[in-house]
Every structure is written in C-alpha cells, then in structure tokens.
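All remarks here apply to the structure that follows.
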Amino acid sequence: MTRNHEPRAFWRGGRNVRKAQLVSRHLSADFVDQHYEVVKRLNVGSFSRVNLVRERSSYELRVCKVIDLKGMDPHVLGMMRKEVQILSALDHPNIVRLYEFAEDERRQELVLILEYVQGGDCIDLLEERERLLPEELAARIVHQLLVVLNYCHSCGITHRDVKPENVMLSSLDDDATCKVIDFGLATPYKGRVKEFAGTVSYLAPELAIAQAGFSMAADIWAVGVTAFELLAGTSPFGKLQEYGNECDPILEKLCTYESFDEDLLQVFRESPGHQRLWRSSEAKDFLRFLLAAEPEDRPTAAQALEHPWLQRHRPVPEPIAPEMLRTFAGFAEAPQMHRSCLFALAAKGRHGELDTEVVEATFADIDRDHDGKISLQDGW
1 MTRNHEPRAF
11 WRGGRNVRKA
21 QLVSRHLSAD
31 FVDQHYEVVK
41 RLNVGSFSRV
51 NLVRERSSYE
61 LRVCKVIDLK
71 GMDPHVLGMM
81 RKEVQILSAL
91 DHPNIVRLYE
101 FAEDERRQEL
111 VLILEYVQGG
121 DCIDLLEERE
131 RLLPEELAAR
141 IVHQLLVVLN
151 YCHSCGITHR
161 DVKPENVMLS
171 SLDDDATCKV
181 IDFGLATPYK
191 GRVKEFAGTV
201 SYLAPELAIA
211 QAGFSMAADI
221 WAVGVTAFEL
231 LAGTSPFGKL
241 QEYGNECDPI
251 LEKLCTYESF
261 DEDLLQVFRE
271 SPGHQRLWRS
281 SEAKDFLRFL
291 LAAEPEDRPT
301 AAQALEHPWL
311 QRHRPVPEPI
321 APEMLRTFAG
331 FAEAPQMHRS
341 CLFALAAKGR
351 HGELDTEVVE
361 ATFADIDRDH
371 DGKISLQDGW
C-alpha cells in the first residue's frame, strides 16, 4: 500500500526544493501501523502518548507522538497545527526533524513521527554531571543553540520557549550534538508579537514589567539564562517549584532587574559551578552581553556567536574532503527535477549506514555565517 502523501509537492514553488514539500502528510493515522513497529513506550500524558518506533523498511528508530484532540481547546489545537507547519518548513541539523504526520478526523488524533534524540535534554545532562559542566561543554551547547536561533530568526521565526529542557542531546558526552525541540509557542515574527508566552524563569524583563510584545531579543535573553544555568548549575531567578509554583517571586526579580553586575554577578560567583570549577572572565562577559536589561542592548544571535568566549571554545573544523565539495557543486548545477529527486531520495532514504552526526558536523563547518544555508557567502 502506498503512502497517501502528495507526490506533486516536490515540484511546487520556485527554483529550490522546499523542506516542507518533503514532509509526508497523511489523511489517516493508519500509516503508523503500516510502516512502523513499536519498540517501547517512552511517555504517557493526559492528552498524549509517546512511543519509540522502528521504521519497517529502513530499521531507523523514530519517535511517534499521538495527541488526543477530543475536547481540545481550539487555541491549543491551533498552536499544535502551527508547530507542525513550522517544523515542516524549518530545515536545520540542530532542529529536531519532523518526518511525517496526520491529523486523523475519524480518530480525532494528531500523529507526529519525529527524529529520535537519545541523549536526553540539558537538565538530564546537568543532573548526570552533578550540575558541574566543563566550561567548554557549556560553550559548545550554547553555540549550537545560538546557531539554531540565528537560522530561525533569519527565517522570521521566534521560538519563544528557549530553555534547557527544550535542548535535546544526541548523547551525554562532551561532543554531543544539540537538537532544539518544542516549537509549540514559536511564531512568525512581524514586529513585536502581542502575546504573553514562555516559561516564567526564562522570560525577559520587558515581558515581566509590561507584558510588552515578544521580540527576537527575548529569545536571546532566554539563551543567556540557559547559559547561566549551564555554567552555574543553578537558575539565576529560581524555578517555579522553589516558590510553591508561584510566579510572583520570579516576576518581581525580573521587574527590578538592572544589570548582570548589579543583580546576578554575586549569585554567579556563589554558584556551585563557579565555586568548584571557576568560570572564566570571558564566560561572565558573555552572560553580561546577553543578559542586558533593555532588549535593544542585547546582541542578535549572529553577534552573540562572534563573542570571544564562544570563539575560544569552538571545535576546530575537520578538513572537508574535496569529493564532498564536488558533490555539493554537482548538486547545485543539476537541473531542477534532478535536484528534486535527489533531495527526495535523501529525505526518504535509508540512513542506517550513514553517520549523520558526521554529515551534520560537516554542514556546520561549511555554513560559516550560521544562517542554516550553504551559499557563496560562506566562501566556497
């Protein structure tokens, strides 16, 4: 039985093949039983269940998330549909990949087949390392997170829920690849977004003070809070559970926030990460750079990536094989239909013998301006 996605999608649009055209959309959730077998249950919630599944033809492990839509609030349903739309459009090695999905009206279920990221999230990493991460590892994670935001912002998308729990890792080793997840609050950016959204411990001060519109600078603030937590081992403003799930104590800290030096430097110096591992002056300066009180004083993602702290800890790129560069050049010069077919085969093909982490690392080395695309501007 063939899958009921739209084959003509490959040839819609302009010169380039769009990633959204390579995500299979189904009318029925029956495709899951036809093409996947359940390996184990990963999680069960009030309105969803998550299974680890294996694709029958390629034997690749993926995640199947089934969301019960019965009685769901229309606003929440709209957010889920928007997340599917955004994940279908975004294409970056550090963003979790959506392979296929179905909104089954008969079953009233939304089914997503997603990339399997087996290392846990950054909170798991902190717990595994007793909240004491090497500075180089923290910088590596923050670098990859900013690369994702630079790509998203260049596409006109704000994430709006950046936090350690939404940064998954390929492993808990020092050379892990990051995958950003949970685009449920993400939205196209057209000026400031007039909606209060996000996790309170990672909200920017301007959102706490006046619930001002969400801007890209608020994403950068959340990266700063995440970097603080990775380096210090503690949250700069505390977590909800520390205050009996009350938001007000955290919001009060944000409303009176003046600067990193005034409000957080001493907290950072007294943290486990600084006391036991001693953090560099460059790390403190990076936090100062991102955690500016005024949104206009914060860097863009591209500017933050140029900070000396990240540059000092950035891995040395491996030499790129000439054969790979010739392959890229041949692909770029191929006729449009040829490129479309190759892109489709790569997206749907069997990757069992392919070291995808090596491919993703090579992409990152070639993408010198961190915009998520390989172009002449990258110097090739």
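Residue 1 is where the sequence shown starts when you use UniProt numbering, and the numbers rise one by one after that.
Where a beta carbon is used, it is the ideal one built from N, C-alpha and C, also for glycine.
Judged by their CB atoms, LEU310 and HIS92 are not nearer to each other than the 8 Å cut-off.
Distances from the CA of LEU240 to each of ILE250, GLU83, SER259 and LEU231 were compared; the closest alpha carbon is that of ILE250.
For PHE286 and THR199, the gap between their C-alpha atoms comes out near 22 Å.
Rounded to the nearest whole angstrom, the C-alpha separation of ASN51 and LYS70 is 20 Å. Residue pairing by DSSP places SER24 opposite GLU100 in a beta bridge.
Under the three-state reduction of DSSP, MET79 is assigned to helix. Residue burial is scored here from C-beta neighbours: ALA208 has at least 16 other C-beta atoms within 10 angstroms and is therefore classed as buried. Rounded to whole angstroms, VAL148 and VAL38 show a C-alpha spacing of 31 Å. With distances taken between CA atoms, ARG107 lies nearest to VAL66 out of ALA232, VAL66, GLN85 and VAL84. The beta-carbon distance between VAL180 and VAL84, rounded to whole angstroms, is 16 Å. This is too long to meet the 8 Å contact definition. The C-beta distance from ALA232 to PHE268 rounds to 6 Å, short enough to fall under 8 Å. Between HIS153 and THR226, the alpha-carbon positions lie close to 18 Å from each other. Linking LEU87 to ASP248 through their CA atoms gives a straight-line distance of about 33 Å.
Counted as a single uninterrupted DSSP element, the alpha helix (DSSP H) harbouring MET216 occupies residues 216–232. Linking ALA186 to VAL63 through their CA atoms gives a straight-line distance of about 21 Å. The beta-carbon separation of MET168 and GLY119, rounded to 7 Å, stays under the 8 Å limit for a contact.
Between the alpha carbons of ILE157 and LEU264 lies a gap of roughly 29 Å.
DSSP, read as helix, strand or coil, puts CYS152 in helix. When SER48, GLU60 and GLY45 are compared, the shortest CA-CA separation from HIS35 is found for GLU60. About 7 Å separates the CB atoms of ASP261 and ARG288; that is less than 8 Å, so the two are in contact. Excluding sequence positions up to five before and after TYR189, its CB lies within less than 7 Å of the CB of GLY156, ILE157, THR158 and MET216, all in the same chain and listed in chain order.
Cβ-Cβ distances below 6 Å link ALA197 to ARG160 and LEU185 in the same chain, with the five nearest sequence neighbours on each side left out; the list follows chain order. The shortest C-alpha to C-alpha distance from LYS40 to any of SER46, VAL53, VAL32 and SER28 is the one to VAL53.
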